[in-house]
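**Q**
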Amino acid sequence: HEVAVHTTTHPNLTKLGREDIIRQVEDDRIKLERLVGYKIIGMAYPCGGENNNDFVAEIIKNNTPIKYCRTILSTGNFDLQSNLHRFNPTVYHMDIENLFTLGEKFITLKTDKPQVFYIWGHSYELDIYDNWKMFEEFCKMISGKSDIYYGTNSEVLLFK
1086 HEVAVHTTTH PNLTKLGRED IIRQVEDDRI KLERLVGYKI IGMAYPCGGE NNNDFVAEII
1146 KNNTPIKYCR TILSTGNFDL QSNLHRFNPT VYHMDIENLF TLGEKFITLK TDKPQVFYIW
1206 GHSYELDIYD NWKMFEEFCK MISGKSDIYY GTNSEVLLFK
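Numbering (the numbering used here), first residue to last: 1086 to 1245.
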């Protein structure tokens, strides 16, 4: 697991100016670093939906130590992405049908190029919708494969 910034007050960053965006990210990062005792370099955009744009991503990229920011726009694919400050995940963990379908596709994928299967979601949702057993089934299906590298966000996204 890896702790990431989510902003101090959970605003829609596209509605803020430069200084407020920086303050939201940096105040949260600094507090989290004190709490966990290591450098925070990742972020999950708050608010869902249209919570980021190129302006917001550039401000974060150029004014904070944040190296990647995850959106909630599921792509349904495993391709590497060049803009890590607007990184789009593969699938939402509550999209059960696509989670399992894409999981099967990923574990049987034959390719020479690196691929990333990125699942996003909130753990509290597994409690609210009583989906822990389903997610455990998925984890059993996808785990233990010798040709898959399992890592944290920074280990996978910043892999050189």
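Even for Gly, the Cβ is constructed at its ideal location relative to N, Cα and C.
Beta-carbon separation of H1178 and G1133 under 7 Å?
**A** no
**Q** In the DSSP assignment, the alpha helix (DSSP H) including C1132 goes from what residue to what residue?
**A** Counting along the chain, C1132 falls outside any alpha helix (DSSP H), and DSSP gives it neither H nor E.
**Q** Three-state secondary structure (DSSP) at I1204?
**A** Strand, per DSSP.
**Q** Just how far apart, CA to CA, sit L1243 and P1096?
**A** 27 Å
**Q** Since I believe G1188 is in contact with M1128 (beta carbons under 8 Å), could you give me their beta-carbon distance rounded to a whole number of angstroms?
**A** Between the beta-carbon of M1128 and that of G1188 there is about 25 Å, and that puts the pair past the 8 Å contact cut.
**Q** At least one CB of chain C closer than 7 Å to the CB of T1175: is that the case?
**A** Of the protein chains in this structure there is only one, and it is not chain C.
**Q** Pull up the DSSP beta-bridge partners for G1127, would you.
**A** Y1153
**Q** Between which residues of its own chain and P1199 is the CB-CB distance below 7 Å, once the five residues before and five after are set aside?
**A** L1165
**Q** Going by DSSP in three states, Y1177 sits in which element: helix, strand or coil?
**A** strand
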